[in-house]
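Novice: Sharing a structure below in structure tokens format, with a few things to ask.
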Amino acid sequence: MKTMFRYLPALLMGAVLGAFIAIGTTVFANRSQPNSSIPYEDLRTFTEIFDKIKTDYVEEVEDKKLLENAIQGMLSGLDPHSGYLDPETFRELQIGTTGEFGGLGIEVGMDNGFVKVIAPIDDTPAQRAGIQAGDLIVRLNDTPVKGMTLSDAVKIMRGEPDTNINLTIVRENEDKPIVLTITRAIIQVKSVKSRTLEPSYIYVRISHFQTPTGKDLEKAIRDLKEENKDVGLKGLVLDLRNNPGGVLKAAVSVSDAFLKTGLIVYTEGRVLDSSLRFQAHSQDLVDGIPIVVLVNSGSASASEIVAGALQDHRRAIIMGTKTFGKGSVQTILPMNNDAALKLTTARYFTPLGRSIQAEGIQPDILLSKVEIASVEQETDRITEADLNRHLDNGEKKSETKDDLTKDSSEEEPLVKRDYEVYEALNLLKGLNIIRD
404 MKTMFRYLPA LLMGAVLGAF IAIGTTVFAN RSQPNSSIPY EDLRTFTEIF
454 DKIKTDYVEE VEDKKLLENA IQGMLSGLDP HSGYLDPETF RELQIGTTGE
504 FGGLGIEVGM DNGFVKVIAP IDDTPAQRAG IQAGDLIVRL NDTPVKGMTL
554 SDAVKIMRGE PDTNINLTIV RENEDKPIVL TITRAIIQVK SVKSRTLEPS
604 YIYVRISHFQ TPTGKDLEKA IRDLKEENKD VGLKGLVLDL RNNPGGVLKA
654 AVSVSDAFLK TGLIVYTEGR VLDSSLRFQA HSQDLVDGIP IVVLVNSGSA
704 SASEIVAGAL QDHRRAIIMG TKTFGKGSVQ TILPMNNDAA LKLTTARYFT
754 PLGRSIQAEG IQPDILLSKV EIASVEQETD RITEADLNRH LDNGEKKSET
804 KDDLTKDSSE EEPLVKRDYE VYEALNLLKG LNIIRD
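Using our numbering, the first residue of the sequence shown is number 404, and each one after it goes up by one.
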């Protein structure tokens, strides 16, 4: 039985987490073989080259190694996301949706011969070390990455927990490479985090789409509703920044949680079982309150499905920067040798027919990256409150704006801790003023 997966740029279990999206468990059985002529002349050339390597190469090479290299080369020439999964990698893929694995905690792909960081995962060694979306890894310990396959790079990054690896990275707007020492660890990813920003306004962060993400989201919203039952909910910030994707069913469940009707996402490919459509099922867990979805260049795959669906249905305002643009579907085809073939078989489309592939999701409101610095209060301005014998306003002192934008558990104001969330919160307040 074959299982179809949506798979992000690379599976790096043991060194990094590779995101994939399950289109369904046991979606299809054996697929009939297409009728096509066999290119005998080209196969004869392949056989001759194989024979020459066997007899003339400076060192003896096992047949199995040569054939695996040939398979990997054939797949790597197709697109960055097709590949051959050896038995060990395939086993790691199969346990990848549990939310626990060994490694650094980064999603990667290949870019011009270098390993490109799609996104660091929350609360992982990579994030704590300062890895950022868009970083190019050019050296692993003392070994240059240029010339490696992604699989080669993965094997170097793999290792036992509590062991170190040095990553040399090139970052945009940095004059010279940065060397980071990261300690490998067992990564336990909690996909959903939530809190109340201030009464009536809630925040939900989805760091990765895993099998239980949909149910975890429902629980988080129930808890937030209970927490705000005296005032009710007025707005939700859904944070998908640096979320590299994950299980497709989870992305559909998250989208479905905020849509009552309509198409969520569909796929198109050359074979019948790679063309699928997913519909909403008449529910909105937050009862129609305004939603702002935060995205950035590290938002990929399943994140783009959610953002695209909510944007097309005008259910949410998308805020941030353009997303990664990973909109192709990979099918995992198990082989007889316990390995698997990862083959791109379809493309994703938003409800309005927009292809995510290489385009990404354009935010409705673009947020530039800014740095918030404290400014000393001006002392030469005089207000009414500074005048002698000024009248009191006759009302009890109420919370100030600064009080409202500060977490009760943290002294630093929200505007400094997370400017994008601060802007999203302000937008939700504005929308409610208009609605009221």
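The beta carbon of each residue, even a glycine, is placed where N, CA and C say it ideally should be.
Values in this document were obtained by computation on a predicted structure and should not be read as measured data.
If contact is defined by three or more beta carbon pairs under 8 angstroms, each pair taking one atom from either stretch, is the stretch 520–540 in contact with the stretch 652–668?
Specialist: Verdict: no, contact absent.
Novice: Here's the rule I'm using: 16 or more other beta-carbon atoms within 10 Å means buried, otherwise exposed. How should Ser-771 be labelled?
Specialist: With fewer than 16 other Cβ atoms within 10 Å, it is exposed.
Novice: Provide the residue span of the alpha helix (DSSP H) that contains Asp-514, from first to last.
Specialist: Where Asp-514 is concerned, there is no enclosing alpha helix (DSSP H), although the beta strand (DSSP E) it sits in stretches over 509–514.
Novice: Since Gly-763 and Gly-728 are thought to touch, with beta carbons under 8 angstroms apart, how far apart are those beta carbons, to the nearest angstrom?
Specialist: With 8 angstroms as the limit, Gly-763 and Gly-728 qualify as a contact, their Cβ atoms being about 4 angstroms apart.
Novice: Return the residue from the list Ile-585, Leu-641, Ser-656 and Asn-740 that minimises the CA-CA distance to Thr-616.
Specialist: Among Ile-585, Leu-641, Ser-656 and Asn-740, the Cα nearest to that of Thr-616 belongs to Ser-656.
Novice: Tell me the DSSP secondary structure of Lys-596 in three-state form.
Specialist: It is a strand residue.
Novice: Between Thr-571 and Ile-559, is the Cβ-Cβ spacing less than 9 angstroms?
Specialist: Contact flag unset, no.
Novice: So what does DSSP say about Asn-569, is it helix, strand or coil?
Specialist: The answer is strand: DSSP assigns Asn-569 an E or B state.
Novice: Applying the criterion that 16 or more other CB atoms from any shown protein chain within 10 Å of the CB defines a buried residue, is Thr-584 buried or exposed?
Specialist: Exposed: under 16 other Cβ atoms inside 10 Å.
Novice: Buried or exposed: Tyr-487, going by 16 or more other Cβ atoms within 10 Å of its Cβ?
Specialist: So Tyr-487 counts as buried.
Novice: I'd like the ranges of any alpha helix (DSSP H) spanning at least 4 consecutive residues and lying wholly in the stretch 625–667.
Specialist: Qualifying alpha helix (DSSP H) stretches, in chain order: 651–659.
Novice: Grouping DSSP H, G and I as helix and E and B as strand, with all else coil, what is Met-738?
Specialist: Three-state result, Met-738: coil.
Novice: Can you grab the Cα-Cα spacing for the pair Asp-687 / Arg-718, in whole Å?
Specialist: Spanning the two alpha carbons is a distance of roughly 10 angstroms.
Novice: Expressed to the nearest angstrom, what Euclidean distance is found between the alpha-carbon atoms of Asp-767 and Thr-724?
Specialist: Between Asp-767 and Thr-724, the C-alpha separation is close to 9 angstroms.
Novice: According to DSSP, is Val-552 helix, strand or coil?
Specialist: The identity of residue 552 in the sequence shown is Thr, whereas the question assumes Val. Coil.
Novice: Starting from the Cα of Asp-659, find the closest Cα among Ser-485, Glu-621 and Asp-741 and give me that residue.
Specialist: For Asp-659, the nearest C-alpha among the options comes from Glu-621.
Novice: What would DSSP say about Lys-468, mapped onto helix, strand or coil?
Specialist: Residue state, collapsed to three classes: helix.
Novice: Label His-793 either buried or exposed according to how many other C-beta atoms from any shown protein chain fall within 10 Å of its C-beta, with 16 as the threshold for buried.
Specialist: With fewer than 16 Cβ atoms within 10 Å of its Cβ, His-793 is classed as exposed.
Novice: Report the partner residues of Ser-731 according to the DSSP bridge assignment.
Specialist: Arg-750, per the DSSP bridge assignment.
Novice: Given a cut-off of 9 angstroms on the beta-carbon distance, is the pair Val-689 and Val-640 in contact?
Specialist: No, the Cβ-Cβ distance between Val-689 and Val-640 is not below 9 angstroms.
Novice: Can you list, in chain order, the residues of its chain whose CB lies under 7 angstroms from that of Gly-508, leaving out five sequence neighbours each side?
Specialist: Contacts found: Val-419, Leu-420, Pro-523, Ile-524, Thr-527, Pro-528, Ala-529, Gln-530 and Ile-590.
Novice: Got a sec, what are the start and stop residues for the alpha helix (DSSP H) Gln-714 sits in?
Specialist: Unbroken alpha helix (DSSP H) run through Gln-714: 705–715.
Novice: Using only CA atoms, which one of Gly-550, Pro-816 and Pro-693 lies nearest to Leu-636?
Specialist: Considering only alpha carbons, the answer is Pro-693.
Novice: Since Val-583 is in the alpha helix (DSSP H), which residue starts that stretch and which ends it?
Specialist: In the sequence under discussion, the amino acid at residue 583 is Leu, which differs from the Val named in the question. Run containing Leu-583: none in the alpha helix (DSSP H); it sits in the beta strand (DSSP E), 581–586.
Novice: With contact counted as at least three CB pairs below 8 angstroms, one residue from each stretch, are the stretch 595–610 and the stretch 561–579 in contact?
Specialist: The stretch 595–610 is not in contact with the stretch 561–579.
Novice: Per the contact definition of three or more C-beta pairs closer than 8 angstroms, is the stretch 671–684 in contact with the stretch 641–650?
Specialist: Short answer: they don't touch.
Novice: Consult DSSP for Tyr-443 and reduce its assignment to one of helix, strand or coil.
Specialist: Of the three classes helix, strand and coil, the one that applies to Tyr-443 here is helix, per DSSP.
Novice: With contact counted as at least three CB pairs below 8 angstroms, one residue from each stretch, are the stretch 737–749 and the stretch 476–485 in contact?
Specialist: A contact exists between the stretch 737–749 and the stretch 476–485.
Novice: Select from Val-709, Phe-661 and Val-674 the residue whose C-alpha is nearest the C-alpha of His-684.
Specialist: Among Val-709, Phe-661 and Val-674, the Cα nearest to that of His-684 is on Phe-661.
Novice: Suppose contacts are defined by Cβ-Cβ distances below 9 angstroms. Is Arg-574 in contact with Asp-538 by that definition?
Specialist: For Arg-574 and Asp-538, yes; Cβs fall inside 9 angstroms.
Novice: How big is the Cα-Cα spacing for Pro-737 and Ala-743?
Specialist: Whole-angstrom Cα-Cα distance: 4 angstroms.
Novice: Under the rule that 16 or more other beta-carbon atoms within 10 Å means buried, what is Val-511, buried or exposed?
Specialist: The residue is buried, with at least 16 neighbouring Cβ atoms inside 10 Å.
Novice: Between Leu-478 and the rest of its own chain, which residues show a CB-CB distance below 8 angstroms, the 5 nearest in sequence each way excluded?
Specialist: Only Ser-485, Gly-486, Tyr-487, Leu-744, Lys-745 and Leu-746 meet the Cβ criterion.
Novice: Would you report the Cα separation of Leu-446 and Ile-474, rounded to the nearest angstrom?
Specialist: Cα to Cα, Leu-446 sits roughly 13 angstroms from Ile-474.
Novice: Would you identify the three-state DSSP class for Glu-601, choosing helix, strand or coil?
Specialist: Looking at Glu-601 - three-state DSSP - the assignment turns out to be strand.
Novice: Who are the near neighbours of Asp-715 in its chain, counting only those whose CB is closer than 8 angstroms to its CB and skipping five residues on each side?
Specialist: For Asp-715, where only same-chain residues beyond five positions count, the Cβ hits under 8 angstroms are Thr-753, Pro-754, Leu-755 and Arg-757.
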